[in-house]
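Following: one structure in structure tokens, then a few remarks.
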Ligand SMILES: C[S@@+](CC[C@H](N)C(=O)[O-])C[C@H]1O[C@@H](n2cnc3c(N)ncnc32)[C@H](O)[C@@H]1O
């Protein structure tokens, strides 16, 4: 089911870049606002689980779900000294949990399935779902052409789809969108293109001509600026 080879390098500074404008919301604060001393959280597609470390004191128990072996192994290392974070291997489309198990379900830039999220949430439970927006890294994607865009064929990655799909299932749906700017060195941009699912079949040798044009048109003092765009759905069962 995994169509992209995710690696723990996705967590590197090179891939994340450096924020030069402020983010539209503080995702950690949003997640913590749903925490109670006895609440249980599930994070779908937790990757290296680094982001979960921020919540250990806020939730009774946190489960990270991750299907990718490399990510899972890295996550095991990252949580080894934490007693209330647990990892389970599995997919968003078939959550390996009993119905009504969680107070909060999160998903940060990973796939999710609303019917499955609904099923595993306790009555009146909440989910916070973070998606990459359609304008995310737009000039970069346009430079390589829509045919090379990794998610070109995923018609369900639009804002309207996310909103409607959530409204079909949950009793309350709040949608927000926001963007901020991030700076990368030219070398970091190459790492980003090699590690993140942005451009299909990216290869810095084969794509040398395109990279030369990016360097000429978009690189200032050896750096490029990208716009990051996110959608945030906060839903209640
Ligand atoms: C972009 S990474 C985000 C990781 C982490 N949530 C974060 O924000 O740092 C996407 C993660 O989703 C996982 N993933 C991909 N397909 C999945 C699926 N069908 N079900 C659950 N997780 C999936 C990948 O293995 C990867 O770890």
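Residue numbers (the numbering used here): 743 to 979. All C-beta atoms in this analysis are idealised placements derived from N, C-alpha and C, irrespective of residue type, glycine included.
| Check | Outcome |
| --- | --- |
| Burial state of residue 854, where buried means 16 or more other Cβ atoms lie within 10 Å | buried |
| CB of residue 972 within 9 Å of CB of residue 930, strictly | no |
| Run of the beta strand (DSSP E) containing residue 785, from where it starts to where it stops | 782 to 786 |
| Residue 925 and residue 975 closer than 9 Å at C-beta | no |
| Outcome for residue 904 when other beta-carbon atoms lying within 10 angstroms are tallied against a minimum of 16 | buried |
| Backbone CA spacing between residue 894 and residue 779 [nearest angstrom] | 42 Å |
| Exposure label - residue 938; buried when at least 16 CB within 10 Å | buried |
| For residue 803, the residue or residues it bridges with in DSSP | 782 |
| Close Cβ partners of residue 757 (< 7 Å) along its chain, the five nearest in sequence each way excluded | 751, 933, 934, 937, 938 |
| Whole-angstrom distance between residue 921 and residue 886, CA atom to CA atom | 22 Å |
| Contact under 9 Å by Cβ, residue 848 with residue 785 | yes |
| Neighbour-count burial assignment, residue 747, 16 or more Cβ in a 10 Å radius | exposed |
| For residue 943 and residue 954, the rounded distance between their alpha carbons | 17 Å |
| Of the listed residues 773, 814, 813, nearest to residue 800 (C-alpha basis) | 773 |
| Residue 798 versus 888, 824, 815, residue with shortest Cα-Cα distance | 824 |
| Status (buried if at least 16 other CB within 10 Å, exposed otherwise) for residue 964 | exposed |
| Residue 775, buried or exposed, once every other Cβ within 10 Å from all chains shown has been counted against 16 | exposed |
| Closer than 8 Å: residue 878 CB and nearest ligand 1 heavy atom | no |
| Nonlocal neighbours in the same chain, by C-beta distance under 7 Å from residue 908, ignoring five residues either side | 856, 915, 975, 977 |
| As assigned by DSSP and simplified to three states, the class of residue 842 | coil |
| Proximity of residue 812 and residue 837 at Cβ, strictly below 9 Å | no |
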